[in-house]
Amino acid sequence: MTVLVGYVPTPEGDAAFSAALQEARRRSESLVVLNSPQGGAPVSVDVAPDPAVRRMNERAEADGVTLELRQAAHSGDAADEVLRVAQEVDASVIVIGLRKRSAVGKLLMGSVAQRILLDADRPVLAVKP
Amino acid sequence: MDTLAVDIAPVLDGFTVVLEPTNLLYCLIGVTVGMLVGVLPGLGPAATIAILLPITIGIEPVTAIIMLSGIFYGAQYGGTITSVLLKLPGEASSVVTVFDGHALSRQGRAGTALGIAAIGSFVGGTVSIVALSFLAPVVASFALDFGPPEYTALALLGILLVSTISSGSRLKALVAASIGLLLATVGRDAFTGGERFTFGNLNLADGLDFVPIAMGLFGLGEILYNLEERHTAAQAPMKVANVWPSRRDLRQSSGAIGRGSVLGFVLGILPGGGATLASLAAYAVEKRRSKTPERFGNGAVEGVAGPETANNAAATSSFIPLLTLGIPANATMAVIFGALLVIGVSPGPQLVTEEPELFWGVINSMYIGNILLLIMSIPLVGLFVKILRVRPAILAPITVLITLIGVYTVNNSVFDIVLVIVFGVLGYLMKKLGFDPGPLLLAFVLGVLLEESLRRSLLIFDGNAAEFFTRPISGTLLVVFLLVALLPLIGKAFARRRSAEQQNDTTKELV
Amino acid sequence: MTSAHDGAHAPTGPGGSTAAGASPLGADDAARSTTAVESPSTLHDLEEAVHRLEAEAEHRPPAAGPTTNLVVATLVVALGAAALVGSLSLGVGSARTPGSGTWPLILSLLIVVLGLGLAVTARSTTDAERFSRSSLLVLAGLATMVVFVALIGTIGFEIPAALLAFVWLRFLGGEGWRLSVVMSLGLVVAFYLIFVAALSVPIPHLF
Numbered sequence: 001m002t003v004l005v006g007y008v009p010t011p012e013g014d015a016a017f018s019a020a021l022q023e024a025r026r027r028s029e030s031l032v033v034l035n036s037p038q039g040g041a042p043v044s045v046d047v048a049p050d051p052a053v054r055r056m057n058e059r060a061e062a063d064g065v066t067l068e069l070r071q072a073a074h075s076g077d078a079a080d081e082v083l084r085v086a087q088e089v090d091a092s093v094i095v096i097g098l099r100k101r102s103a104v105g106k107l108l109m110g111s112v113a114q115r116i117l118l119d120a121d122r123p124v125l126a127v128k129p
Numbered sequence: 001m002d003t004l005a006v007d008i009a010p011v012l013d014g015f016t017v018v019l020e021p022t023n024l025l026y027c028l029i030g031v032t033v034g035m036l037v038g039v040l041p042g043l044g045p046a047a048t049i050a051i052l053l054p055i056t057i058g059i060e061p062v063t064a065i066i067m068l069s070g071i072f073y074g075a076q077y078g079g080t081i082t083s084v085l086l087k088l089p090g091e092a093s094s095v096v097t098v099f100d101g102h103a104l105s106r107q108g109r110a111g112t113a114l115g116i117a118a119i120g121s122f123v124g125g126t127v128s129i130v131a132l133s134f135l136a137p138v139v140a141s142f143a144l145d146f147g148p149p150e151y152t153a154l155a156l157l158g159i160l161l162v163s164t165i166s167s168g169s170r171l172k173a174l175v176a177a178s179i180g181l182l183l184a185t186v187g188r189d190a191f192t193g194g195e196r197f198t199f200g201n202l203n204l205a206d207g208l209d210f211v212p213i214a215m216g217l218f219g220l221g222e223i224l225y226n227l228e229e230r231h232t233a234a235q236a237p238m239k240v241a242n243v244w245p246s247r248r249d250l251r252q253s254s255g256a257i258g259r260g261s262v263l264g265f266v267l268g269i270l271p272g273g274g275a276t277l278a279s280l281a282a283y284a285v286e287k288r289r290s291k292t293p294e295r296f297g298n299g300a301v302e303g304v305a306g307p308e309t310a311n312n313a314a315a316t317s318s319f320i321p322l323l324t325l326g327i328p329a330n331a332t333m334a335v336i337f338g339a340l341l342v343i344g345v346s347p348g349p350q351l352v353t354e355e356p357e358l359f360w361g362v363i364n365s366m367y368i369g370n371i372l373l374l375i376m377s378i379p380l381v382g383l384f385v386k387i388l389r390v391r392p393a394i395l396a397p398i399t400v401l402i403t404l405i406g407v408y409t410v411n412n413s414v415f416d417i418v419l420v421i422v423f424g425v426l427g428y429l430m431k432k433l434g435f436d437p438g439p440l441l442l443a444f445v446l447g448v449l450l451e452e453s454l455r456r457s458l459l460i461f462d463g464n465a466a467e468f469f470t471r472p473i474s475g476t477l478l479v480v481f482l483l484v485a486l487l488p489l490i491g492k493a494f495a496r497r498r499s500a501e502q503q504n505d506t507t508k509e510l511v
Numbered sequence: 001m002t003s004a005h006d007g008a009h010a011p012t013g014p015g016g017s018t019a020a021g022a023s024p025l026g027a028d029d030a031a032r033s034t035t036a037v038e039s040p041s042t043l044h045d046l047e048e049a050v051h052r053l054e055a056e057a058e059h060r061p062p063a064a065g066p067t068t069n070l071v072v073a074t075l076v077v078a079l080g081a082a083a084l085v086g087s088l089s090l091g092v093g094s095a096r097t098p099g100s101g102t103w104p105l106i107l108s109l110l111i112v113v114l115g116l117g118l119a120v121t122a123r124s125t126t127d128a129e130r131f132s133r134s135s136l137l138v139l140a141g142l143a144t145m146v147v148f149v150a151l152i153g154t155i156g157f158e159i160p161a162a163l164l165a166f167v168w169l170r171f172l173g174g175e176g177w178r179l180s181v182v183m184s185l186g187l188v189v190a191f192y193l194i195f196v197a198a199l200s201v202p203i204p205h206l207f
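These protein sequences, in sequence, are chains U, P and X.
Under full-length UniProt numbering, the first residue of the first sequence is numbered 1, with each subsequent residue one higher.
Under full-length UniProt numbering, the first residue of the second sequence is numbered 1, with each subsequent residue one higher.
Under full-length UniProt numbering, the first residue of the third sequence is numbered 1, with each subsequent residue one higher.
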């Protein structure tokens, strides 16, 4: 059993990571950080840069939590990827960060968080920065 | 020397051509597209030029070639960026830059690497243009005396060299070239008027059209090939600050830049040589020359300056065989050769004298192009890095549609769309199975010339092929041809004998 | 491949001497390169390092087995043989009076010989890639193009183009539904504006 957090290098993602770390410590479980960019572009803003990765490792170590970072790209829907990995690692809880979307944003692109909340077969912890 | 008086005037006229607003615009478009294509892994300059061939029909010949050449040497600038920043070579000629360029990037000196590369590229390109300006008219005037035997030998040698030095298996490249020559025979036989291999299809009666073949083989073929999962790990975007090398770096690289320019210029003229080979050779030379070779691979600026200068010099000088002899030196030149045919210009030694505006217009446009690229590579490099964020899945259908619809616009023929798809499949299969499509297109483009020259030569020689060797130029070229063809076999025999001797020596030592 | 490069370097100037002279020293470099630094110095080592780097960067699929290589070789030989038959029927003539089929005959013979060469080296050939499940994606992409060219004559380019773009974005590219639909429509509109409205290209169009 492990805690899964969907991470992107944004305030929401950082909030999610902090919450996930806390959860992992509380449950005495390991932590899987899913930082998977979409598609095959060589550069992606969704990928956590090295300083952020280092900080995550340091914090996990300080809290005595085992950290696994997954950065392989995925194709298709981000929500599907999160749910797939949750199934794979048998996550006890999925932690995600929420952010406000504009009306147009919601119309054109939908919401990954919403899909995860609705389709997950295990508890979801949604946090805001 | 009265040739000197003739030299200057058309060159100056060439500058007036270049400075026309339309030509400047298309030069800018060309080098920008080239730089973008160089940055993006996937599509190469040959594929891009092929896909943009339909555009050349609606515009002036000079303008068209200025743009297409800009794409080619522009790509040499762009390929460096991903090599340095991402350890991901954007172009084959920038692979060597990864060794030291990426090392510099890891040391936080990405700006230095990019700056040195840009400056080296600029110097290499410009030096090459100047040398080209002097050398090209000389070669062209020399080649005006060429007859069918010379052209036969030249075409044969050109095809062989490109097949030999191309990436991948030599055998497969030769197969590709032979198929290209065979495809060139489809259609009406110029000598007898009979139809060959047309299977009664009216569309094939005039022969296979160059444009769909190029667009399919390079364009669609590459896109289909990229469809297969070939995921590169994504990286976080990086800020590129301070893209200007220190004075010490510049001084250290100056030798490498000088050597790279000369080396690149020489290797680029050689058919099959080109930018990739030049970059490899320049790196080897720099490392061998250096008194501290252990720095190489760890961020030696010469390891960036040398190859980057050489590949730009080579890309520029590879225009020489095309513009003076009408023989393309590599696959991209073959596409440009085809473009020239499409717009009604026949490349050959007479190009300098009969179309001086085109000849000098194109060459002089390269000065401007290099200046524009220098500007884009240094202050504007951050913009170009942004394109790496575009997902290839989005670019792919756009490119496919541009190709399918674009090929239609050439002849308003749906058959051309069928052709481009057929050759797209062929291009995919070739890349998948290790056959370089370049030699096929090059051979196709030269096929008509080769067969014609061969048959005319045989008529002149009254069937006696040995007479090829009685003429000094065709004789020499054919000897070189035979040497290049047979040398690897001899080399292999030597290598096997030497390794057998070495084995005997080591066993002797053990005993 | 090495010998070919060394052979081809001989005629050139500066690069040639280093490459040709490099071979005896190559052994020393090989010994030295066991240290941490990867940077190669001989041209041959360079090529190998380059290939390794490209393979790393690209994650190419594994090499195809000897069966695939043999099939390829057979196809090449078959092509050569077919061309041979065709050339003979065109009339070969002689060296003195070459006919229509002379040159194609030479070429077909060459292709057959090369094909046999491929068959002989089939077991040791490693530069072909194995076909895998992702090759089916290529087939799908091809299918969209075939459908495009089949339909364009009857219903114009707009619908086939939109379909093609949608399939490529959604299924071959893994993009989301909404993005795929929006982009496909956007692309068709853009192409319409450029080719039909601005350039007046007589491409078959519905609207």
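Ideal placement from N, C-alpha and C gives every residue a C-beta, glycine not left out.
Taking C-beta separations shorter than 8 Å and ignoring five residues to either side along the sequence, the partners of V414/P in its chain run Y408, following chain order.
Sequence-distant partners of P149/P (beyond 5 residues in either direction) whose C-beta falls short of 6 Å from its own C-beta, in its chain, are S457, F468, R471 and S474. Note on W360/P: 16 or more other CB atoms within 10 angstroms of its CB, so buried under the neighbour-count rule. In the structure shown, I59/P adopts coil according to DSSP, grouped into three states. Taking 9 Å as the CB threshold, Q235/P lines the interface with chain U. At a cut-off of 9 Å between beta carbons, D77/U makes no contact with chain P. As a beta-bridge residue in DSSP terms, A91/U pairs with T2/U. Residue-level contact check: S253/P does not touch chain X, since none of the beta carbons of chain X fall below 9 Å from its beta carbon. For A63/X and V335/P, the gap between their C-alpha atoms comes out near 30 Å.
Per DSSP, reduced to three states, the secondary structure at G207/P is coil, with no helix or strand assignment. Taking 7 Å as the upper bound on Cβ-Cβ separation, chain X lies near residues Y408, T409, N412, V414, I417 and V418 of the region 406 to 419 of chain P.
L67/U carries a strand assignment under DSSP once its states are collapsed to helix, strand and coil. Taking 9 Å as the CB threshold, R391/P lines the interface with chain U.
Across the structure, V484/P and L267/P are spaced so that their CA atoms are roughly 16 Å apart. For secondary structure counted as the alpha helix (DSSP H) over 4 or more consecutive residues, the region 4 to 74 of chain U holds these complete runs in sequence order: 11 to 27 and 50 to 62.
Put simply, the region 442 to 460 of chain P touches the region 152 to 160 of chain P. At least three CB pairs are less than 8 Å apart. Cβ proximity to chain P below 8 Å picks out P37, Q38, G39, G40, A41, P42, V43, S44 and V45 from the region 24 to 45 of chain U. In the same chain as M430/P, and ignoring 5 residues on each side of it, the C-beta atoms closer than 6 Å to its own belong to P437, in chain order. For T97/P, no CB of chain U lies under 9 Å from its own CB, so it is not counted at the interface with that chain. Within the DSSP secondary-structure output, P98/X pairs in a beta bridge with G93/X.
When the Cα atoms are used, K287/P and A173/P turn out to be separated by approximately 31 Å. At a cut-off of 9 Å between C-beta atoms, I203/X counts as an interface residue with respect to chain P.
Cβ contact annotation for V11/P (same chain, cutoff 6 Å, sequence separation greater than five): W360, in chain order. In the three-state scheme derived from DSSP, where H, G and I count as helix and E and B as strand, I96/U is classed as strand. By the beta-carbon neighbour count (other beta carbons within 10 angstroms, threshold 16), M333/P is buried.
Residue environment: E294/P is assigned as exposed (fewer than 16 neighbouring CB atoms within 10 Å of its CB, all protein chains considered).
Going by C-alpha positions, F157/X is about 12 Å away from V201/X. Between A140/X and K432/P a beta carbon distance of about 16 Å is seen, past the 8 Å cut, so the two are scored as non-contacting. Contact between V31/P and T48/P is absent: CB atoms are separated by about 12 Å, not below the 8 Å threshold.
Straight through space, the alpha carbons of G97/U and L117/U are spaced by roughly 11 Å. Residues of chain U with a Cβ closer than 7 Å to the Cβ of G174/X are, in chain order, G39, S75 and G76. When DSSP states are grouped into helix, strand and coil, E228/P belongs to the coil group. In chain order, T22, N23 and Y26 place their CB closer than 8 Å to the CB of T63/P, counting only its own chain and leaving out the 5 sequence neighbours on each side. For the region 163 to 182 of chain P, the beta-carbon criterion of a distance under 8 Å to any beta-carbon of chain X is satisfied by T164, I165, G168, S169, R170, L171, K172, L174, V175, S178, I179, L181 and L182. Contact with chain X is found for Y283/P, since one of that chain's Cβ atoms lies less than 9 Å from the residue's Cβ.
In the DSSP annotation of this structure, the continuous segment of the beta strand (DSSP E) that includes A126/U starts and ends at V124 to V127.
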